[in-house]
Amino acid sequence: MSRIRLLSGPAVQQTLNDEPGARLFRYQLNIPVMGLALGLGLISLLAAVILYFVAGLGGFYTAAFIVLIALGLSLCSMVSYGSNYARKHFVATSERCLLVGNNDNAWRVEWPLITRETLDFEGMTLSPTRARLDLRTAGQHIQIPIFTPFAFLTDLEDLMAELLQHLDIEVPDDAEAQDDAGAPDDAEVPEDAETRVAAEPKKS
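Counting in the numbering used here, the sequence shown runs from 1 upward without gaps.
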């Protein structure tokens, strides 16, 4: 099995079920922001309807009607997108790998490919409205969103602890281990023959 794979369809859920020690981290909808966006969207649509029936269309009113409709639909679409995002996307860890994606498509990356160089915590993309980790390994760039304007990862501290735990695991160098095991201690090195002769007392 490849150490990095893009899973699709039923394979995503099957992998989550089969992975030993799998732990799922879901996204939670940002209720205050989404509630505000939905409220403003509905108010904009309602204002457009009132404007249409009260003032009619023509000149300035037509432009205002179009702006209100566009704003209302945009805000409602953002709420719908955010709801679907929080419902479908996830990050998961197991004893063997990290999974990132959604219910339809997800990356499966085994831990040996995830190092402090490929998963750069110090270079995390961070702004007041969003944050994400970037995993660059095996020629792939996998984004791990931490929070967005409409959703955020639950149990973030536990996820970070799991990532750091696997990053801190060091694989011993077999060659160095064999060299260290095969090298004799100084105390076990036999003395040189001349040294032994010189150390022996002369017989009279």
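From the three backbone atoms N, C-alpha and C, an ideal C-beta is built for every residue, glycine too.
Under DSSP, PHE90 takes part in a beta bridge, and its partners are ARG26, GLY101. Within the same chain, PHE25, TYR27, VAL91, ILE146, PHE147, LEU159 come within 7 Å of LEU153 by CB-CB distance, once the 5 residues on both sides are set aside. Proximity of the region 43 to 63 to the region 126 to 141 falls short of the contact definition, fewer than three beta-carbon pairs being nearer than 8 Å.
Counting along the chain, THR137 sits inside the beta strand (DSSP E) bounded by residues 131 to 137. Burial of MET34 is indicated by the presence of at least 16 other C-beta atoms within 10 angstroms of its C-beta.
In terms of CA proximity to LEU98, LEU119 leads the group LYS88, MET78, LEU119, GLY139. The shortest CA-to-CA distance from ARG3 to any of ILE114, HIS89, GLY59 is the one to ILE114. Rounded to whole angstroms, the separation of the alpha carbons of ARG108 and LEU167 is 16 Å. C-alpha of ASP18 to C-alpha of ARG96: approximately 11 Å in a straight line. By the 16-neighbour rule on beta-carbons within 10 angstroms, THR137 is buried. Listed as beta-bridge partners of TRP111 by DSSP are no residues whatsoever. By the C-beta density criterion, GLY101 is buried, having at least 16 other C-beta atoms within 10 angstroms. In this structure, the straight-line span from the alpha carbon of GLY82 to that of LEU6 is close to 23 Å. Beta-bridge analysis with DSSP links PRO145 to ARG132.
For ALA55, there is no enclosing beta strand (DSSP E), since its DSSP letter is neither H nor E. DSSP places SER127 outside both helix and strand once states are collapsed to three, so it counts as coil. Looking at the backbone, the Cα of SER8 and that of THR15 are separated by about 10 Å.
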